[in-house]
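Below is one structure, written out as structure tokens; the observations come after it.
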Amino acid sequence: MKRTGTRLVLAAAIALGAACNKPSVACRPGEVEREGACVKAQTGLCGEVACGPGESCVGDACVPAIPTGAGDAGPEPDAAPSDPAAPGDPAVTKPDAGGPAEDPGTGAPGWVTVYEERFDSADLGSPAWVPDTVPDDGPFSDHGVFFQDRGVEPPVAWRISHPFGEQSWLTLESYTREGSAPFSRFAAVVADPADSANSVLRIASAQHTDATVVRPSQPLPQTYRVSLRVGFPDFGDGREGLNGYDGGETAEPWSTADATSQNGFYWLAILDAQPRPHNNVWIHHHRKVVVDSDNHYPAWMEIFDGSRFVASGENPVMMFALDGRGDSQLTSGNPFLSYSGGSWQPSGKIRAVDSYLPGEWYEVAIERRDATFTLEVSGRFRHGGRQTYRASIDAAASCVWHYNRPSDTPAEQCVDNGFFPNLGAHHPRGPPGAGGEGWV
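In my numbering, the protein residues as written are -15 to 424.
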């Protein structure tokens, strides 16, 4: 499944923000901004509208109480994507940098907190494993036509899908091939390694075929800010050697390739389909915008060290969108539009914004307003020191992969009715209605 090794990542807080058109104030959990002041979020009458269960009153509108999440998954990609000629520079707004971010979900101008989870009282329970029914979610699913044509059969496995948090706004999705494994081996609330008075969520993969995702229980709203505090990643080092593995692991049954050359995880990603642990090929065809890391050797990417791009796979932090106009590959999907060195790079260039430090906390956020995505990562980095990397991209002008929602018609230049000959014309890559809901 995921090449994640026997390692872990910690999340200290996850929050969902809703847009506010009035002057911004920093509201506490359970409050929303109304006429420039913080008031208790409530159901019932909201202006002239009756809010339903799971909705909060923001201004005079009922906002769906829709969550977000973050979690661990596989690395980027099984092989470096092709580097086709750039189709033109991405359309962007000017990025900014400098200074630590506020706590997730608070203090972000123009946003109010709809939901927040700090894990100080989270009860994950002891959910039971159920046999993996291998859900059919497209040609690249574990039992999809892509693998069927190669004679690949999914292994016997087990899954857990477990809602938690206020009004069950978050869901943990775990996968294993060892049905007797305790759930706490995959997800557990533990003490913060930086401050034992705090509680954090530990997500771990004891076996390289294990995987866990924290996702929203419902799709994201049209406009949102997803933010979290995540850190202390322990997924290899990107150097020659074991790279966080025991040695000898492969990517079977999906591939016979050596798994130890790559070891990674997603900090935060927006997908066009409901997230759950899959083979890596599936997620390569469902990402829209991503913040992730892939420790790998030998290096097939570059990291900006403050003055130049250096070939390295050691603790990279990637901020990228997927180029819907690029030359999509069967195993790696669409080429990257990477943000690094203060600007968006040409299509296909795989470049990291900096390198993370293993024993640090980071604030990570992704925003969407209309067709604009904004990615942000703050913390202390190997090259940039304490820094905030923030960049926005006009997804319609740049044809970010599946940026549109099902009810939206994408820009004409972003429609792709082409298909992989291996899959057939009934699996077009980017037809008008292919955008999918926004998921984390």
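Backbone N, C-alpha and C fix where the C-beta goes; we use that ideal spot for every residue, glycine too.
Beta-carbon proximity of residue i to residue j, cut-off 7 Å
i: R209; j: E351; result: yes
i: D126; j: N263; result: yes
i: I187; j: T196; result: yes
i: S327; j: R335; result: no
i: F293; j: V274; result: no
i: W423; j: L255; result: yes
i: W385; j: G297; result: no
i: F148; j: P111; result: no
i: L156; j: A175; result: no
i: A355; j: A379; result: yes
Distance, residue j Cα to residue i Cα
i: A283; j: R199; result: 30 Å
i: R161; j: S291; result: 45 Å
i: S244; j: V96; result: Note that residue 244 is Thr in the sequence shown, not Ser. Computed Cα separation, rounded: 42 Å.
i: S322; j: T358; result: 13 Å
i: R366; j: N247; result: 19 Å
i: G231; j: A2; result: 45 Å
i: W238; j: V140; result: 13 Å
i: G109; j: E101; result: 16 Å
i: A349; j: V301; result: 13 Å
i: E150; j: Q258; result: 20 Å
i: L306; j: Y250; result: 15 Å
i: P261; j: Q191; result: 14 Å
i: Y346; j: F404; result: 39 Å
i: R389; j: D121; result: 18 Å
i: R134; j: A241; result: 15 Å
Per-residue DSSP class, three states only, for residue i
i: F130; result: helix
i: A381; result: helix
i: S180; result: strand
i: Q371; result: strand
i: N401; result: strand
i: V140; result: coil
i: V265; result: helix
i: Q313; result: strand
i: R169; result: helix
i: E157; result: strand
i: S339; result: strand
i: S152; result: helix
i: N318; result: coil
Bridge partners - residue i, DSSP secondary structure assignment
i: N279; result: N247
i: E360; result: A349 and R374
i: M285; result: DSSP output for M285 lists no bridge partner at all.
i: V98; result: Paired residue(s): none; V98 is not in a bridge.
i: S145; result: E157
i: V114; result: R143
i: K2; result: According to the sequence as given, residue 2 is Ala; it is not Lys. Its beta-bridge partners are V96.
Bounding residues of the beta strand (DSSP E) (the contiguous stretch that carries residue i)
i: A195; result: A195 to P200
i: A295; result: F293 to A295
i: A305; result: P300 to L306
i: L212; result: Y208 to D218
Residue i at chain C interface by Cβ criterion, 7 Å
i: G369; result: Protein chains in the displayed structure number just one, and chain C is not present.
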